[in-house]
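Asker:
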Amino acid sequence: MKIKFCGAARQVTGSSHLITLDNGYKILLDCGLYQGRDKEMEDFNSTWLFDPKEIDCLILSHAHIDHTGRVPKLVKDGFKGDIFCTHATRSLCSIMLIDSAKIQERDAQYHNKKKFSKRKKKPLYNTHDVKKTLDLTTGLSYERSHRVCEGVKIMFRDAGHLLGSASVTLSIEESGKKPVTVGFTGDIGRPFRPILRDPRQMPEVDYLICESTYGNREHKAQPDELEDFLNVIKKICIDNKGKLLIPAFSIGRTQEIVYMLDRLENAGRLPRIPVYVDSPLAINATLVYGSHPECFDTDIHEYMLIDDDPFGFNKLQYVRDRGLSKRLNDIKTPCIVISASGMMNAGRIKHHLFNSMENPKNGLLMVGYCAPYTPGGQIRNGAKQLRLFGETRNLNMAVHEMYSFSAHADRVEIAGFIKNQQKLKKLFLVHGTHDVQEDFKSFLGKYGFNNVEIPDLAQEFEL
Ligand SMILES: [Zn+2]
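Numbered by this note's numbering, the letters in the sequence shown go through residues 130 to 592 in order.
Here it is, written out as structure tokens:
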């Protein structure tokens, strides 16, 4: 059999890896959207390194768009096989892919109306393609071995990275050969995070495709996360009487923050201030979270014996309505606004930032990764002014950061996650920038992993 790296090769986005069995059967692992501004990658999302019609089966590790965002395009271009993922991943995909289709449709309309280029921009797919995608998708349980086709079995195991996230273990028996196991870590989460279970080590495999996003980093310990969070709220909303903005990804990060606020509220420690979650996608995602308690860890299950809704309390209002979202800009009394996108380059948070940033009473709490070119990235790099909606504004609001929210394991945590892999014939590093991967490769040498490859895009290996 062969493996070809068709995305997230020396990159952190666009995950896609193709396994071709000796009999020609083709299994695609993930089918993610490339997200970024790299000129060289401009055509990545609209072209394929294989023929979609020839793919027999698609397996998804988790619902993040950089792992699933091109699936409707694959279906549109002729893929008719089965799509397998966990139950929760299927549920999250149903809202995230629709959202992605709508964003693309809106972007294309705006681009063509403004005539940014002579070439008309077309969305990669529409909501109809998403519906066809979901018809092909089957949700499977964790820890069960499922037959994919003659000689191929699959097992998902909790990766603790996002609701429904999984590592993938494939057991493959080809005629006349010894059985082979191929593992794909997907994105690896972190231990001791709220809501989700800790990542669980995969079974031992022969070949492992491993993510390396933070292959050169060790996260700072932030043991008093809840206290730190409460101190920021008190400083901005009580001492300064200001508004606290929290830019957060709609899925995962928002639910973690709301759950923290819910715990503070139940402990009688949350100040009497209104809290708004201003993101329709986050509202839909929270409903999906609530309907998949099978993915929760023991702590939140115990908590739910006291409070059956860990994502809702009296002071919290979910804002779907665009009019109310706009009215939040006029509120002059203390409040907390949690809104997307996490990098502040799009979505309602961009408007909140624009309207709140010049008032020194207000505060911004950064809890997630931001690409350097985005407003979030510029703020992290110390920008004192930002250009938003064609206008330059001063950043006078206080900026606070909390690092512990990362959903990706750092290099020590990844090494710990794979340290049981004692019979590996080869370890492929994917989903990381090339310099980080080179660092990680040497780091893994210390753990005894010597047969490590950093595949380039379109590179193929015989297994
Ligand atoms: Zn992910």
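We treat Cβ as the ideally placed atom computed from N, Cα and C, and that holds for glycine. Fair warning: this is a prediction, and the values are worked out from it, not measured in the lab.
#1: According to DSSP, is S144 part of a helix, a strand, or is it coil?
#2: So, helix, strand or coil for I156, using DSSP?
#3: Any residue with its C-beta under 5 Å from a non-hydrogen atom of ligand 1 counts. Can you list them all in chain order?
#4: Might you give, ordered along the chain, the residues of its own chain that have their beta carbon closer than 6 Å to the beta carbon of Y163, omitting 5 neighbours on each side?
#5: What is the rounded straight-line gap between the Cα of S300 and the Cα of F285?
#6: For the beta strand (DSSP E) containing Q446, list its first residue and its last residue.
#7: In angstroms with no decimal places, state the Cα-to-Cα distance between C278 and Y418.
#8: Suppose you measure from the CA of E567 to the CA of A396; what does that come to, to the nearest Å?
#9: Exposed or buried, which one is F321 when buried takes at least 16 other CB atoms within 10 Å?
#10: Comparing alpha-carbon positions, which option in C366, E302, D450, A288 lies nearest T218?
#11: Just mark G207 as buried or exposed, buried being the case when its beta carbon has 16 or more other beta carbons within 10 Å.
#12: Check for me: the beta strand (DSSP E) holding V406 runs from which residue to which?
#13: Short of 6 Å in beta carbon distance, which residues of its chain neighbour P489, apart from the five on each side in sequence? Order them along the chain.
#14: How many angstroms separate the CA atom of M433 from the CA atom of T427?
#15: Which of the three DSSP states is assigned to T314 in this structure?
#16: Who are the near neighbours of D211 in its chain, counting only those whose CB is closer than 7 Å to its CB and skipping five residues on each side?
#17: Quick one: is D180 buried, meaning 16 or more other Cβ sit within 10 Å of its Cβ, or exposed?
#18: Is it buried or exposed for T383, if we count other Cβ within 10 angstroms and need 16 for buried?
#19: Does the segment 329-346 come within contact of the segment 246-263, defined as at least 3 CB pairs closer than 8 Å?
#20: Would you check if the distance between the CB atom of S190 and the CB atom of F358 is smaller than 8 Å?
#21: Using only the alpha-carbon positions, how far apart do H290 and R540 sit?
#22: Leaving out five residues before and five after I607 in sequence, what residues of the same chain have Cβ atoms less than 6 Å from its Cβ?
#23: Spatial neighbours of L203 within its chain, please: C-beta separation below 6 Å, excluding the five flanking residues on both sides.
#24: Identify the continuous alpha helix (DSSP H) that holds Q238 and give its terminal residues.
#25: Roughly how many angstroms lie between the CA atoms of V496 and A377, to the nearest whole one?
#26: Are at least three pairs of beta-carbons, each pair with one atom in the segment 547-563 and one in the segment 510-530, less than 8 Å apart?
#27: Between which residues of its own chain and N458 is the CB-CB distance below 6 Å, once the five residues before and five after are set aside?
#28: Taking 6 Å as the limit between beta carbons, can you name the residues of its chain near M473, skipping five residues before and five after?
#29: In angstroms with no decimal places, state the Cα-to-Cα distance between A469 and H529.
#30: Would you mind working out which of R166, A138, E183, R139 sits nearest G153, comparing C-alpha positions?
#31: From which residue to which residue does the beta strand (DSSP E) around L187 run?
#32: Return helix, strand or coil for V496, following the three-state DSSP convention.
#33: Following the continuous beta strand (DSSP E) through E589, name the residue where it begins and the one where it ends.
Answerer: In brief:
#1: Taking the first residue of the sequence shown as position 1, residue 144 is located at position 15. Coil.
#2: In the sequence shown, counting from the first residue as 1, residue 156 sits at position 27. Collapsing the DSSP output to three states places I156 in a strand.
#3: The filter returns H193, D316, in chain order.
#4: As a working note, residue 163 is residue 34 in the sequence shown. Taken in chain order, the residues that qualify are T142, G143, M170, F173, N174.
#5: The residue labelled residue 300 in the question sits at position 171 within the sequence shown. The residue labelled residue 285 in the question sits at position 156 within the sequence shown. For S300 and F285, the gap between their C-alpha atoms comes out near 12 Å.
#6: Counted from its first residue, the sequence shown places residue 446 at position 317. Counting along the chain, the beta strand (DSSP E) containing Q446 begins and ends at 445-447.
#7: Your numbering for residue 278 matches position 149 in the sequence shown. Your numbering for residue 418 matches position 289 in the sequence shown. Going from the Cα of C278 to the Cα of Y418 covers about 31 Å.
#8: Here the question's residue 567 lines up with position 438 in the sequence shown. Here the question's residue 396 lines up with position 267 in the sequence shown. E567 and A396 have their C-alpha atoms some 46 Å from each other.
#9: The residue labelled residue 321 in the question sits at position 192 within the sequence shown. Its Cβ having fewer than 16 others within 10 Å, F321 is exposed.
#10: If you number the sequence shown from 1, residue 218 lands on position 89. Comparing Cα-Cα distances from T218 to each of C366, E302, D450, A288, the minimum goes to A288.
#11: Residue mapping note: residue 207 aligns to position 78 of the sequence shown, counting from 1. Looking at its Cβ environment, which holds fewer than 16 other Cβ atoms inside 10 Å, G207 is exposed.
#12: One-based indexing of the sequence shown puts residue 406 at position 277. Taken as a continuous stretch (DSSP letters only), the beta strand (DSSP E) holding V406 covers 404-407.
#13: Residue mapping note: residue 489 aligns to position 360 of the sequence shown, counting from 1. Only N525 meet the Cβ criterion.
#14: Numbered from 1 along the sequence shown, position 304 holds the residue referred to as residue 433. Numbered from 1 along the sequence shown, position 298 holds the residue referred to as residue 427. C-alpha of M433 to C-alpha of T427: approximately 10 Å in a straight line.
#15: The sequence position of residue 314 within the sequence shown is 185, counting from 1. Of the three classes helix, strand and coil, the one that applies to T314 here is coil, per DSSP.
#16: Indexing the sequence shown from 1 puts residue 211 at position 82. Excluding residues within five positions, the ones whose Cβ falls inside 7 Å are C186, L265, T267.
#17: Your numbering for residue 180 matches position 51 in the sequence shown. It is exposed - the Cβ of D180 has fewer than 16 other Cβ atoms within 10 Å.
#18: Residue mapping note: residue 383 aligns to position 254 of the sequence shown, counting from 1. Buried.
#19: No, the segment 329-346 is not in contact with the segment 246-263.
#20: Your numbering for residue 190 matches position 61 in the sequence shown. Your numbering for residue 358 matches position 229 in the sequence shown. In this structure, S190 lies away from F358, with their beta-carbon atoms at least 8 Å apart.
#21: Mapped onto the sequence shown, residue 290 falls at position 161. Mapped onto the sequence shown, residue 540 falls at position 411. Straight-line spacing of the CA atoms in H290 and R540 works out to 15 Å.
#22: The structure shown does not extend to residue 607, since the chain is modelled only from 130 through 592, so no value can be given for it.
#23: Taking the first residue of the sequence shown as 1, we reach residue 203 at position 74. Result list for L203: C160, P181, in chain order.
#24: Your numbering for residue 238 matches position 109 in the sequence shown. From DSSP, the alpha helix (DSSP H) with Q238 extends over 216-243.
#25: To locate residue 496, count along the sequence shown from 1; it is residue 367. To locate residue 377, count along the sequence shown from 1; it is residue 248. Roughly 7 Å between the two C-alpha positions.
#26: Verdict: no, contact absent.
#27: Taking the first residue of the sequence shown as position 1, residue 458 is located at position 329. Here the set comprises N484.
#28: The residue given as residue 473 occupies position 344 in the sequence shown. Within the same chain, M473 has close Cβ partners P376, K479, L482, P504, G505.
#29: For this step, residue 469 is matched to residue 340 along the sequence shown. For this step, residue 529 is matched to residue 400 along the sequence shown. Near 17 Å, if we compare the C-alpha coordinates of H529 and A469.
#30: Mapped onto the sequence shown, residue 153 falls at position 24. For the residues R166, A138, E183, R139, the minimum Cα distance to G153 belongs to E183.
#31: Stepping through the sequence shown from its first residue, residue 187 is reached at position 58. Residues 186-188.
#32: Translated into positions along the sequence shown, residue 496 becomes position 367. Correct three-state label for V496: coil.
#33: To locate residue 589, count along the sequence shown from 1; it is residue 460. It spans 589-591 - the beta strand (DSSP E) in which E589 sits, taken as one unbroken run.
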